[in-house]
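Student: Here it is, the structure in full.
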Amino acid sequence: WEFIKKHKIAILLILVMATAIFFRLYKLGQIPPGLYPDVAINGNDALQALKSGDFKAFYPENNGREGLFMNLIAASFWLFGASVWAIKIVPAILGILTILGIYLLTFHLFSFGRLMQKKFSGDAPKYIGLLAAFFTAVSFWHVNFSRLGFRAIMAPFCLVWSFYFLFKGIKNLKSYPEKSNAGAWMVWVYWILGGAFFGLGFHTYIAFRIAPVILVPAFIAAIILFWQDLKSHKKGKISRWKAGWNAYKKNGWWGWDVFIIAAVLVFLPLGIYYLQNPADFMGRSSQVSVFASPNPAKTLIETTIKTLGQFVAFGDYNWRHNLPGSPQIFYLLIPFFLIGLGWCARQIFRKENYKEKGFFSATVFWTLLIWFGAMLMPSIMTNEGLPHALRTIGAIPPAYIFTGLGFYILMNWVKFKIEKSKCKILVSLRDKFKFFNFTPQLRGENDKREYKNYIRFFGFYIFNYNLLPFLSPIFHSMGAQ
Numbered sequence: 011w012e013f014i015k016k017h018k019i020a021i022l023l024i025l026v027m028a029t030a031i032f033f034r035l036y037k038l039g040q041i042p043p044g045l046y047p048d049v050a051i052n053g054n055d056a057l058q059a060l061k062s063g064d065f066k067a068f069y070p071e072n073n074g075r076e077g078l079f080m081n082l083i084a085a086s087f088w089l090f091g092a093s094v095w096a097i098k099i100v101p102a103i104l105g106i107l108t109i110l111g112i113y114l115l116t117f118h119l120f121s122f123g124r125l126m127q128k129k130f131s132g133d134a135p136k137y138i139g140l141l142a143a144f145f146t147a148v149s150f151w152h153v154n155f156s157r158l159g160f161r162a163i164m165a166p167f168c169l170v171w172s173f174y175f176l177f178k179g180i181k182n183l184k185s186y187p188e189k190s191n192a193g194a195w196m197v198w199v200y201w202i203l204g205g206a207f208f209g210l211g212f213h214t215y216i217a218f219r220i221a222p223v224i225l226v227p228a229f230i231a232a233i234i235l236f237w238q239d240l241k242s243h244k245k246g247k248i249s250r251w252k253a254g255w256n257a258y259k260k261n262g263w264w265g266w267d268v269f270i271i272a273a274v275l276v277f278l279p280l281g282i283y284y285l286q287n288p289a290d291f292m293g294r295s296s297q298v299s300v301f302a303s304p305n306p307a308k309t310l311i312e313t314t315i316k317t318l319g320q321f322v323a324f325g326d327y328n329w330r331h332n333l334p335g336s337p338q339i340f341y342l343l344i345p346f347f348l349i350g351l352g353w354c355a356r357q358i359f360r361k362e363n364y365k366e367k368g369f370f371s372a373t374v375f376w377t378l379l380i381w382f383g384a385m386l387m388p389s390i391m392t393n394e395g396l397p398h399a400l401r402t403i404g405a406i407p408p409a410y411i412f413t414g415l416g417f418y419i420l421m422n423w424v425k426f427k428i429e430k431s432k433c434k435i436l437v438s439l440r441d442k443f444k445f446f447n448f449t450p451q452l453r454g455e456n457d458k459r460e461y462k463n464y465i466r467f468f469g470f471y472i473f474n475y476n477l478l479p480f481l482s483p484i485f486h487s488m489g490a491q
């Protein structure tokens with residue numbers, strides 16, 4: 011029992027991951043049966059690439075697809091042989107790793123900075139992370155796309171791990187690493203991995219292209235910090251360039267440089283292809299754009315309402331993507347999702363979140379909200395098959411982080427109310443014990459209304475009478491009165 015108490019977080023995480031593994035791997039080759047035509051074409055391209063050794067950055071057939079997923083399937087074929095299961099195991103593994111990433115990301119976000127640590131002390135960030143990971147692990151939305159074989163499942167995977175390493179890099183950043191400090195060089199690893207996963211995201215699904223918008227809050231915070239440090243250095247008698255270099259080293263601009271360089275290098279093969287084949291950059295998106303409709307303004311309003319409504323009212327009607335019409339968030343979890351979303355939205359208007367040096371708390375709340383909104387845009391800006399669970403797949407992580415946060419906030423509030431009620435009951439019993447002990451003449455002589463008035467009149471003095479509560483024989487003898 012002591013072992014369980016000591017390692018309860020690790021045990022709960024193992025249970026969450028076991029749940030995620032079961033839902034994504036159980037009878038993977040049979041459920042759902044067969045392959046959707048788009049997925050089958052992915053398999054054909056993977057087979058061709060494996061035979062020819064020509065692993066492309068972009069496969070132009072079937073309206074064009076980023077090549078990473080097909081190349082991963084080719085690797086799966088090489089390991090396990092060509093089969094339906096070998097195709098589906100790739101998104102299943104990516105889905106499982108996304109669950110672990112959601113736990114780690116959520117834990118770090120809600121322990122990011124001193125102010126956030128005050129809001130969520132102790133193990134609270136870990137529990138919120140566990141809740142977010144569990145709700146995602148059992149989410150039909152995420153489970154379904156982890157088993158279907160679509161390349162879009164890679165988008166939330168890359169987003170989660172990119173932002174995990176990015177915020178881990180920011181959190182552990184003190185100054186420019188010196189050669190004598192070997193531990194500080196791990197910060198380089200965080201920034202490199204963050205940038206690499208971000209660059210990799212462009213190789214996953216067209217909806218990822220809007221992801222740079224999500225970086226804006228953290229980037230603005232870095233600019234403000236740089237400017238503040240630059241002004242403080244200018245007060246000393248040093249040159250402008252020296253002041254700029256000191257500020258550059260102190261607040262982590264070098265880390266952003268590493269992040270951007272890593273992202274660009276990973277994106278480069280696909281970027282070169284787009285420069286050589288600009289028509290493939292737009293692909294099918296131009297065909298389904300809201301601006302292709304006769305009345306773009308009206309269409310945009312309709313698509314916005316449908317896309318936002320998929321979380322609380324009517325979800326995707328496509329049998330392949332969803333239980334037709336069911337909200338993307340399970341009915342019982344919708345209140346928690348709304349509480350978490352509303353709480354985060356409220357936090358961006360609280361001045362205390364902007365007084366903290368580094369704006370850590372504000373950066374977290376803005377990042378989650380912009381992430382959620384940005385990943386809805388691929389659906390909002392299109393006019394086909396809405397609501398569309400596939401195009402909004404990048405919104406899964408923030409949606410379930412909001413849900414986990416809302417569940418934790420509500421349960422914490424309920425716990426507080428229960429404890430408060432217990433205190434009121436105990437205080438009330440103590441007061442009554444003292445009242446009847448010191449006024450035995452009232453026993454059986456007045457009705458309950460008179461007792462109530464008596465307690466109300468003398469309540470202040472009884473409450474502040476510092477004696478331990480005890481049961482008197484007289485109180486026991488009162489019976490029904």
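One point on numbering: in the numbering used here, the residue at position 285 of the sequence shown is 295, and numbering is uninterrupted.
Heads up, the beta-carbon is just placed ideally off N, CA and C, and yes, glycines get one too.
(1) Just grab the DSSP bridge partners of THR373 for me.
(2) Hey, out of ILE106, ILE224, GLN338, whose CA is closest to ILE397's CA?
(3) Using the beta-carbon count (16 or more within 10 Å), is LYS316 buried or exposed?
(4) DSSP three-state label for SER149, please.
(5) Between ARG330, ASN363, ALA323, ARG356, which lies nearest to ILE344 when the distance is taken from Cα to Cα?
(6) Mapping the DSSP letters down to three states, classify ILE21 as helix, strand or coil.
(7) Taking the beta carbon of ASN422 as the centre, do at least 16 other beta carbons fall within 10 Å, making it buried, or is it exposed?
(8) Residue range of the alpha helix (DSSP H) that ALA67 falls in?
(9) Keeping to the same chain, check which residues put their C-beta closer than 7 Å to that of VAL148; ignore five residues upstream and five downstream.
(10) Is it buried or exposed for HIS486, if we count other Cβ within 10 angstroms and need 16 for buried?
(11) Report back the beta-carbon spacing between THR116 and GLY139 to the nearest angstrom; my notes put them in contact at under 8 Å.
(12) Where in the region 301 to 355 do unbroken runs of the alpha helix (DSSP H), each at least 4 residues long, occur, reported from the N-terminal end onward?
(13) Which residue's Cα is closest to the Cα of GLY39: TRP195, LEU158, ASP64?
(14) Alpha carbon to alpha carbon, what distance is there between LEU125 and TYR36?
(15) Would DSSP call THR413 helix, strand or coil?
(16) Classify SER131 as buried or exposed, calling it buried when 16 or more other Cβ atoms lie within 10 Å of its own Cβ.
(17) Quick test of your reading: LYS181 and PHE145, contact by CB under 8 Å. State the CB separation rounded to the nearest angstrom.
(18) Drop a sphere of 10 angstroms on the beta-carbon of VAL199, count the other beta-carbons inside from all chains shown, and report buried for 16 or more, exposed for fewer.
(19) According to the neighbour-count rule (16 or more other Cβ atoms, all chains shown, within 10 Å of its Cβ), is PRO166 buried or exposed?
(20) What is the rounded straight-line gap between the Cα of TRP95 and the Cα of ARG161?
(21) Flag this pair as touching only if the region 67 to 86 and the region 202 to 215 have three or more C-beta atom pairs under 8 Å; answer yes or no.
(22) From which residue to which residue does the alpha helix (DSSP H) around TRP171 run?
(23) Since TYR418 and TYR137 are thought to touch, with beta carbons under 8 Å apart, how far apart are those beta carbons, to the nearest angstrom?
(24) Quick check on VAL170: buried or exposed, where buried means 16 or more other Cβ atoms within 10 Å of its Cβ?
(25) Who are the near neighbours of ILE390 in its chain, counting only those whose CB is closer than 6 Å to its CB and skipping five residues on each side?
(26) Taking 8 Å as the cut-off, decide whether the C-beta atoms of ALA405 and ASN332 are in contact.
(27) If we count the other Cβ atoms within 10 Å of its Cβ and call it buried at 16 or more, is ASP55 buried or exposed?
(28) Ends of the alpha helix (DSSP H) at MET126?
(29) Could you please give the first and the last residue of the uninterrupted alpha helix (DSSP H) stretch that includes PHE100?
(30) Determine, using beta-carbon pairs with one atom in the region 365 to 382 and one in the region 220 to 235, whether at least three such pairs fall under 8 Å.
(31) To the nearest angstrom, how far is the alpha carbon of LEU57 from that of ALA84?
(32) When the cut-off is 8 Å and only beta carbons count, does PHE155 lie next to chain D?
(33) Report the partner residues of ARG75 according to the DSSP bridge assignment.
(34) Using the C-alpha atoms, what's the distance from SER371 back to SER185?
(35) Taking the CB atoms as reference points, tell me whether PHE321 and PHE347 lie closer together than 8 Å.
(36) With a cut-off of 8 Å on the beta carbons, I'd call SER494 and THR392 a contact; round off their distance for me.
Tutor: On the basis of the data shown:
(1) None; THR373 has no bridge partner.
(2) The question names Ile, but residue 397 in the sequence shown is Pro. The option with the nearest alpha carbon to PRO397 is GLN338.
(3) buried
(4) coil
(5) ALA323
(6) helix
(7) exposed
(8) First-last for ALA67: undefined, no H or E at that position.
(9) THR29, PHE33
(10) The predicted model places HIS486 with a pLDDT of 38, which falls under 50 and marks its position as unreliable; any figure quoted below should be read in that light. Flag for HIS486 reads exposed.
(11) 4 Å
(12) 306 to 319
(13) LEU158
(14) 43 Å
(15) helix
(16) exposed
(17) Not confirmed; about 24 Å, so no contact.
(18) exposed
(19) buried
(20) 15 Å
(21) yes
(22) 164 to 181
(23) 6 Å
(24) buried
(25) THR313, THR314, THR317
(26) no
(27) buried
(28) 124 to 129
(29) Residue identity check: residue 100 is Val in the sequence provided, not Phe. Note, VAL100: alpha helix (DSSP H), 94 to 119.
(30) yes
(31) 6 Å
(32) In the structure shown, chain D cannot be found, because there is only a single protein chain.
(33) TYR69
(34) Confidence is the limiting factor: at SER185 the pLDDT is only 44, short of 50, which leaves the residue's position unreliable and the question unanswerable from this model.
(35) yes
(36) The chain is shown from 11 up to 491; residue 494 falls before or after that span and cannot be answered.
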